[in-house]
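Visitor: What the sequence shown shows, in the working numbering, is residues 10 to 136, in sequence order.
Quick reminder that beta carbons are idealized off the backbone N, C-alpha and C, glycines included.
If you scroll down you'll find the structure; I have some questions about it.
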Amino acid sequence: MSTEDLNSYSEPQATGSPDAVETDPAGLSSAEDLDEDRIRKDPLESGMDPPEGWSGATKYGMTPWEESHPRPLADRLAEEQPDVQVDRPAGEPVDQGEDVVSRDAADQPEAEIRSEAEQRGQAADDS
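In structure tokens form, the structure reads like this:
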């Protein structure tokens, strides 16, 4: 190499606008995502915003004393929310047919309920 080659400087060749690969956010590495020059601010300086409606600071267990003393079971159970039940449409009333046992028979445990086959003396194995 001669001294002329070392002293001569030419600008790099312009390649035009960036390719789709260079601008694709999924293609950037995590170091490039946090590059302060690219985003023009330090992401770690801004801090973190808590989610909307966050109220964890008022809950039991945030102080050192509360951490060392477990919360009573009665307090935890009182905080439970009931399961949401699906509103079911009102069913149709049950017809008092032969299939339904009457209340009188249910009130009398000694009353035997037999099917027609049992009343005829036919067992389940008999055909």
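Can you give me the Cβ contacts of Q94 inside the same chain, cut-off strictly under 6 angstroms, excluding the 5 residues immediately before and after it?
Guide: none
Visitor: How big is the Cα-Cα spacing for S19 and S26?
Guide: 20 angstroms
Visitor: Can you tell me where the alpha helix (DSSP H) with A83 in it begins and where it stops?
Guide: It spans 82–88 - the alpha helix (DSSP H) in which A83 sits, taken as one unbroken run.
Visitor: Here's a check: name, in chain order, each residue in its chain whose Cβ is nearer than 6 angstroms to the Cβ of E198, leaving out the five neighbours to either side.
Guide: Because residue 198 is not part of the residues shown, which for the chain are 10 to 136, the question remains open.
Visitor: Using the C-alpha atoms, what's the distance from Q131 back to R85?
Guide: 59 angstroms
Visitor: Grab the span of the alpha helix (DSSP H) containing E76 for me, first residue to last.
Guide: 73–77
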